[in-house]
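Step one of this worksheet: look at the structure below.
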Amino acid sequence: MEKKFMNGNEAIAEAAVQAGCRYFFGYPITPQNEIPEYMSKRMPEVGGVYLQAESEVAAIYMVFGAAGAGGRVMTSSSSPGISLKQEGISYIAAAELPCLIVNIMRGGPGLGGIQPSQSDYFQATKGGGHGDYHLLVLAPSTVQEAVELTMDAFDLADKYRNPVMLLGDGYIGQMMEPVVFEKKPSPILPAKDWTITGAKGRKANLVKTLNLDPVILEQHNLKIQHKLQEMARNEVRVEHYLTDDAEVIIAAYGTVARIAKTAIQILRKKGVRAGLIRPITLYPFPYKAFEDIASRVKKILVAEMSLGQMVEDVKLGVCGRAHVRFYGRTGGMVPSYEELVMETERLVKEAL
Amino acid sequence: MAYLEKKGVYTNVLMAGFGGQGLMFIGKLLAYCAMKRGLNVTWIPSYGPEMRGGTANCTVVISDEPIGSPVISAPEALIVMNNPSLEAFESKLKSGGRLFVDSSLVTRKVMRKDVEVVAVPADDIAMEVGEKKAANLVMLGAYIAKTGVISKEDVAEGLRELFGAKIQFLDVNMKALEKGIQHTKT
């Protein structure tokens, strides 16, 4: 397989095309502009549609429409733009429409800055829009993984009829790495017999989100809930790095996880047996991995480019059986491996 | 080369200068050539609200192992092509590291005593070969001559593949690269 040298944004876009995505709707924002730029060139080549909408709100409803008609469709944006899309994302989840939403996070709140951040973890994993729903959230930490997760995202969206979010930070989008495109064969997916494609010779389908009868709406919510539970049983992904003999664990995802790997190598040279647990699916979250590790490792450092968001899920998994410490930088600041080494050493020395 | 045959290849370099000097390009070129040699590489740019004439930088990491952090706090080498970049990054260079300075443009004095300074009048050399804009390749030549991370032939192949339609610029860039190598070896 030929290795290409690409930045994360372009690699995500190419992966989507190779996974059969033929509709892209978006609105520009740094640091993800290479995705729409690439799609504007690539979509016409494969007979797809690229459309720069008049706003993020319009773009997400174009995604709603294309998904409702059965197309493989995506949008991409960065933090403030993703906030604008939240209403539409809630509607898409309510209508059980498969699609991919890419968020290449930048520092917030508000318009914030354009440097990398992970401060949209809550928004991505805990709802974001209104109502009882969740996105399936995938968090790559290399460009290669961004490609693989993007390809899987479309299959997962179809399998569960649920929107999927690829959550990266600015560095995942901007960084260039070697990458190989290799599409695994798709699993057998349920037939899309619910799409709105003109009801010639069949019963009309209905895609809607309004349910005025609370009895029916509760049933609908329970159906979505059931899907999410199924997802939690089948789709959790997590990486363990040097955890077998670890006396201390760093928990991190995305770019911070790879900075943590460098920190762990330094710590091990200094005689500190550190390991990493890296959630790949942020929803469903790998609670079990933390439940298990807490039975033998009593110190966990959660590192994020935020002021403490994933740390809440780690604590839920650990459930009081280990000491959980948080270290974060925010606003576009990226923690260095020196900082993580120092924080880990401090935690190791601390008496419990 | 010899460097590559050693077990445990790991190196990194930060390059900084004015937007338009082509530092981002030689960073990509270096990473691309190392990738072609079967190594793992990362290239990460500064992507602030840069403008023409403003300062830009990128970091390249090369390793035969999977690369952890693509962001380096204390780089092993530094290539600087303007005064603000020297001012911003000199203090970050690892002790014992190499500092490649475009001495045609950088007038600021290097303060560090614990690093190897490689001064290359890159812009003057580039003028000599007939292409002012090829100063970046002169600096890359100096860098590969000192570090041996990739060879001249690797760069030639990489340039051919990356330049594509602009292949007419290949010769002058190769000349600039060779001058950079020669200058540093003598």
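Going down the list, the protein sequences come from chains R and X. Each residue of the first sequence is one higher than the one before, starting from 2 at the first, in this note's numbering. Each residue of the second sequence is one higher than the one before, starting from 135 at the first, in this note's numbering. Where a beta carbon is used, it is the ideal one built from N, C-alpha and C, also for glycine. A quick note: this is a predicted structure, and the numbers were derived from the prediction, not measured.
| Asked | Found |
| --- | --- |
| Nearest residue (CA-CA) to F234/X, options P218/X, K228/X, V244/X, V214/X | V214/X |
| Burial state of Q302/X (16 or more Cβ within 10 Å) | exposed |
| Beta carbon proximity, A304/R to chain X, threshold 9 Å | no |
| Closest by C-alpha distance to G108/R, when choosing among L101/R, S80/R, A96/R, S91/R | S80/R |
| Rounded straight-line distance, which links the Cα of A54/R to that of P179/R | 32 Å |
| DSSP three-state assignment for D1/R, whether helix, strand or coil | Coverage of chain R is limited to positions 2 through 353, which leaves residue 1/R absent and any answer about it impossible. |
| Cβ neighbour criterion (16 or more within 10 Å) applied to M63/R | buried |
| Option in A20/R, P188/R, Y338/R, W195/R with minimal Cα separation from K262/R | Y338/R |
| L139/R beta carbon near the ligand ADP (any heavy atom closer than 8 Å) | Although the ligand ADP was asked about, the structure shown includes no ligands whatsoever. |
| First and last residue of the uninterrupted beta strand (DSSP E) at F234/X | 232-236 |
| Beta carbon of N216/X nearer than 9 Å to that of G151/X | yes |
| Straight-line Cα distance separating A147/R from A12/R | 7 Å |
| 4-residue-minimum alpha helix (DSSP H) runs that sit fully inside the stretch 121-208 of chain R, ordered along the chain | 122-126, 144-161, 171-175 |
| Beta-carbon neighbours of T263/R, restricted to chain X and to distances below 7 Å | G202, S203 |
| Top-ranked residue by Cα proximity to D1/R, from V319/R, K300/R, E313/R | In the structure as shown, chain R begins at 2 and stops at 353. Residue 1/R is therefore absent and cannot be evaluated. |
| Endpoints, alpha helix (DSSP H) assigned at S77/R | That residue, S77/R, is in no alpha helix (DSSP H); its beta strand (DSSP E) goes 74-78. |
| Sufficient close CB pairs (3 or more, under 8 Å) joining the stretch 162-174 of chain X to the stretch 327-342 of chain R | no |
| Chain R contact residues for I178/X, given Cβ-Cβ distances below 7 Å | Y172, Q175, M176 |
| Contact check, G9/R vs M176/R, beta carbons under 9 Å | yes |
| Helix, strand or coil at Q53/R according to DSSP, with G and I counted as helix | strand |
| Beta carbon of F155/R nearer than 9 Å to that of V144/R | no |
| Opposing strand residues paired with C192/X [DSSP bridges] | M149/X, P179/X |
| Stretch-stretch touch, CB-based, cutoff 8 Å, three pairs: the stretch 296-305 of chain R with the stretch 248-257 of chain R | yes |
| C-alpha distance - Y351/R paired with V273/R, whole-angstrom precision | A quick correction: the sequence has Glu, not Tyr, at residue 351/R. C-alpha separation (whole angstroms): 13 Å. |
| DSSP three-state assignment for A208/X, whether helix, strand or coil | coil |
| Bridge-paired residues (DSSP) for F26/R | L52/R |
| Host beta strand (DSSP E) of E351/R (start-end) | Segment: none, E351/R is in no beta strand (DSSP E) and carries neither H nor E. |
| Boundaries (first-last residue) of the beta strand (DSSP E) holding T282/R | 282-284 |
| Identity of the residues DSSP links to V342/R by a beta bridge | In the DSSP output, where bridge partners are listed per residue, V342/R has none listed. |
| At least three beta-carbon pairs within less than 8 Å, the stretch 71-79 of chain R to the stretch 94-108 of chain R | yes |
| Presumed contact (8 Å Cβ cut-off) between V272/X and A253/X, rounded CB distance | That belief does not hold up - the Cβ atoms of V272/X and A253/X are roughly 12 Å apart, past 8 Å. |
| A136/X versus P186/R - alpha carbon distance | At A136/X, the pLDDT of 40 sits below 50, so the modelled position is not reliable and the matter cannot be decided from this model. |
| The stretch 274-287 of chain R contacting the stretch 134-142 of chain R, beta-carbon criterion three pairs below 8 Å | yes |
| Nearest neighbour of Y92/R, chosen from I267/R, I225/R, R234/R [CA to CA] | I225/R |
| Three or more C-beta pairs below 8 Å linking the stretch 275-292 of chain X and the stretch 309-319 of chain X | yes |
| Unbroken stretches of the alpha helix (DSSP H), 4 residues or longer, contained in the stretch 293-333 of chain R | 311-319 |
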